[in-house]
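Protein chains in written order, with this note's numbering: chain A, 5 to 314; chain B, 99 to 460.
Idealized CB from N, CA, C, for every residue including glycine.
Note that this is a predicted model, so its numbers are computed, not measured.
Below is one structure, written out as structure tokens; comments come after it.
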């Protein structure tokens with residue numbers, strides 16, 4: 005009542021209709037807004053603009069010529085392949101881990117949650133080094149390849165013949181990327197599944213559904229938006245990962261270079277147009293990801309509003 | 099289908115939810131599991147449903163004489179209704195109700211037309227014929243709970259289990275749905291067990307009430323039995339309002355002090371009293387709104403509070419107001435000595451806690 009009296013007073017006086025108590029002094033409002041916008045411009049917009057400005061500095065022709073570079077195209081393909089393998093792997097493991105943690109109680113649960121966070125806590129460079137130690141020619145994998153008494157002789161011979169390498173090859177890049185991006189999907193799903201509780205699953209079970217039916221018909225539809233969101237974030241990071249991939253890739257041009265590594269190499273060789281052209285592709289991929297993410301959020305909010313309104 | 103649970107014990111870590119509990123639910127009855135939160139009633143219901151299992155090696159559950167202790171929930175033939183409905187949000191009402199039929203193995207699954215017919219029949223039964231195409235979010239709480247019930251009934255369960263089915267509804271809808279459930283259960287005759295912490299709900303709805311407290315069953319009986327002949331101080335205190343008086347210590351050594359209980363409606367207020375057993379009281383407050391008149395009193399001799407419930411006609415006759423002095427006499431007293439309990443029906447002048455000799459009751 006008091007609020008409406010104030011607002012009608014304010015309206016009749018020709019000022020904003022917001023109650024006095026929630027209105028700050030103009031100088032404070034403008035300063036805070038300016039600080040926030042300035043920060044956004046400096047740290048987000050300016051770098052993005054700079055990437056495209058540098059890429060187009062010598063004109064559109066030079067830009068597309070740089071993009072047409074076979075090594076660059078290969079790097080793009082490898083990046084997409086890596087994301088295409090790492091994201092589905094994390095999708096399966098992330099959903100399994102979240103399901104396990106959110107729906108069941110078991111000893112060691114908090115340890116498992118901590119382990120899931122490990123890739124976020126450890127520096128990506130360290131993650132890469134761990135893979136080098138495990139799978140490098142001097143690591144356990146190398147020891148196995150050269151062992152006199154392997155536990156699976158057929159496999160060893162086959163791997164040896166194929167000259168199958170993990171480190172400084174594509175498998176290592178995929179492994180390192182998978183490791184670094186593992187938490188995204190699980191982290192997105194665990195709180196969501198925990199707030200949803202188990203009642204719907206229990207209801208399905210008492211109605212005679214088996215575990216598989218319960219998962220596909222009840223659990224999955226309930227988490228699909230969260231899952232999609234997690235996949236988008238995971239994909240963004242998988243395409244952009246630098247540190248861990250840099251350690252395990254070996255930087256072989258046209259073979260084990262992903263886009264982020266390719267950008268670095270070109271930049272170090274003073275090929276600025278090429279470097280920024282490749283960077284612009286990465287930035288574009290990021291923008292597409294962000295647009296997709298906003299679309300998901302928008303569609304989700306609209307669905308929510310529609311079901312709540314009627 | 100009768101339910102027989104024997105010697106169930108359930109612990110969660112250091113916490114004991116059920117301690118050697120046995121109960122029998124006769125076929126076709128509507129039975130309430132009544133108790134405060136933490137009394138183990140929901141755990142008992144979930145163990146009967148197969149959603150939880152009793153501690154290994156403890157207890158046994160029979161449905162109509164057949165041991166189902168190790169049968170998983172989906173194969174027990176129980177319908178379970180949750181407090182917060184647990185409807186599948188992404189499915190329409192009709193899909194929700196059909197769920198139990200559509201997940202059956204292909205060989206046992208009715209064809210599309212049979213499922214549709216069953217859904218239609220159930221929607222009619224719950225009086226929501228036209229809402230099949232809606233989503234749960236578009237319905238009210240009472241409608242959702244009825245759909246949850248229809249979904250549970252679609253698979254023709256032998257036993258219907260409801261966990262605080264009216265707990266999330268507002269008072270008016272709750273009353274309406276309660277009456278509807280009562281009628282509905284009579285009609286289909288399925289053995290029904292429901293959990294509630296609301297004594298009024300249990301007394302009004304159930305054929306039989308199982309009162310639970312502290313992981314144990316305190317008393318089993320018809321609503322009238324548990325209300326009129328409570329087996330323990332807990333039951334009398336939990337079922338309805340009651341005045342409690344601690345009397346002087348029991349003369350027997352080590353027996354503790356006895357406790358007397360008088361229901362507010364067994365308290366009569368008199369302006370003038372000349373008998374031996376009246377208690378002098380002072381009026382604190384008169385609540386005259388509601389079906390009956392309630393009066394908050396205070397004993398003049400020791401300052402203990404005391405509630406009385408009178409008809410509104412009687413209250414008008416008395417014309418009490420705060421600060422007045424009056425007398426009360428008790429029509430019915432229950433005495434719980436340390437060892438057991440006794441009950442005395444007394445004429446208005448016969449007894450009052452002021453003169454009750456605890457020794458007499460034993």
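Enumerate in chain order the residues of its own chain whose CB-to-CB distance from residue i is below 8 Å, with the five nearest sequence positions on each side excluded.
i: residue 147 of chain B; result: 171, 174, 176, 178, 259
i: residue 127 of chain A; result: 247
i: residue 299 of chain A; result: none
i: residue 252 of chain B; result: 195, 196, 197, 198, 199, 216, 217, 220
i: residue 233 of chain A; result: 192, 297, 300, 301
i: residue 75 of chain A; result: 257, 258, 261, 266
i: residue 149 of chain B; result: 171, 178
So what does DSSP say about residue i, is it helix, strand or coil?
i: residue 243 of chain A; result: helix
i: residue 370 of chain B; result: coil
i: residue 500 of chain B; result: Lying before the first or after the last residue shown, residue 500 of chain B is absent from chain B, which here runs from 99 to 460.
i: residue 166 of chain B; result: coil
i: residue 439 of chain B; result: With a pLDDT of only 49 at residue 439 of chain B, under 50, the local geometry of the prediction cannot be trusted, and no value is derived from it.
i: residue 233 of chain B; result: coil
i: residue 263 of chain B; result: coil
i: residue 359 of chain B; result: strand
i: residue 341 of chain B; result: strand
i: residue 404 of chain B; result: strand
i: residue 160 of chain B; result: strand
i: residue 226 of chain A; result: helix
i: residue 423 of chain B; result: strand
i: residue 258 of chain B; result: strand
i: residue 205 of chain B; result: coil
i: residue 348 of chain B; result: Unreliable positioning characterises residue 348 of chain B in this predicted model, as indicated by a pLDDT of 47, which lies under 50. The coordinate reading is nonetheless provided below. Coil at residue 348 of chain B, not helix or strand.
i: residue 241 of chain B; result: helix
i: residue 64 of chain A; result: helix
i: residue 365 of chain B; result: strand
i: residue 78 of chain A; result: helix
i: residue 291 of chain B; result: strand
i: residue 285 of chain A; result: helix
i: residue 188 of chain A; result: helix
i: residue 428 of chain B; result: strand
Can you give me the Cβ contacts of residue i inside the same chain, cut-off strictly under 6 Å, excluding the 5 residues immediately before and after it?
i: residue 545 of chain B; result: Since the first residue shown for chain B is 99 and the last is 460, residue 545 of chain B is missing from the structure and cannot be characterised.
i: residue 300 of chain B; result: 130, 132, 294, 307
i: residue 303 of chain B; result: 276, 280
i: residue 330 of chain B; result: 316
i: residue 186 of chain A; result: 94, 123
i: residue 392 of chain B; result: 385, 407
Locate the beta strand (DSSP E) running through residue i, then write down its first and last residues.
i: residue 273 of chain B; result: Residue 273 of chain B -> not in any beta strand (DSSP E); alpha helix (DSSP H) instead, spanning 269-286.
i: residue 117 of chain B; result: 113-123
i: residue 177 of chain B; result: 176-179
i: residue 314 of chain B; result: 314-319
i: residue 106 of chain B; result: 101-110
i: residue 391 of chain B; result: 391-397
i: residue 308 of chain B; result: 306-311
i: residue 132 of chain B; result: 128-132
Check the Cβ of residue i against every Cβ in chain B and list those closer than 7 Å, keeping chain order.
i: residue 203 of chain A; result: 180, 182, 184
i: residue 212 of chain A; result: 172, 198, 201, 202, 253
i: residue 341 of chain A; result: Chain A is shown from 5 up to 314; residue 341 of chain A falls before or after that span and cannot be answered.
i: residue 222 of chain A; result: 186
I want to verify the contact list: residues of chain A whose CB lies under 9 Å from the CB of residue i, in sequence order.
i: residue 162 of chain B; result: Correct list: empty, because the minimum Cβ distance to chain A is about 18 Å.
Under 8 Å Cβ-Cβ, which residues of chain B neighbour residue i?
i: residue 206 of chain A; result: 149, 171, 178, 180, 184
i: residue 217 of chain A; result: 201
i: residue 184 of chain A; result: Ordered by position in chain B, no residue passes the 8 Å Cβ test against residue 184 of chain A, which lies about 33 Å from the chain.
Which residues in the same chain as residue i place their Cβ atom closer than 7 Å to its Cβ, once the five residues preceding and following it in sequence are excluded?
i: residue 280 of chain A; result: 55, 58, 59
i: residue 114 of chain B; result: 313
i: residue 91 of chain A; result: 235, 238, 239, 242
i: residue 247 of chain B; result: 179, 224
i: residue 105 of chain A; result: 113, 116, 117, 194
i: residue 125 of chain B; result: 99, 100, 289
Taking the alpha helix (DSSP H) that residue i falls in, what are its first and last residues?
i: residue 385 of chain B; result: Segment 377-385 is the beta strand (DSSP E) holding residue 385 of chain B; no alpha helix (DSSP H) there.
i: residue 194 of chain B; result: 191-200
i: residue 332 of chain B; result: 331-336
i: residue 42 of chain A; result: 30-44
Show which residues of chain B have a CB atom less than 9 Å away from the CB atom of residue i.
i: residue 226 of chain A; result: 186, 187, 188
Continuous alpha helix (DSSP H) assignments of at least 4 residues falling wholly in the segment 87-168 of chain A: For secondary structure counted as the alpha helix (DSSP H) over 4 or more consecutive residues, the segment 87-168 of chain A holds these complete runs in sequence order: 113-125, 128-139, 144-149, 157-166.
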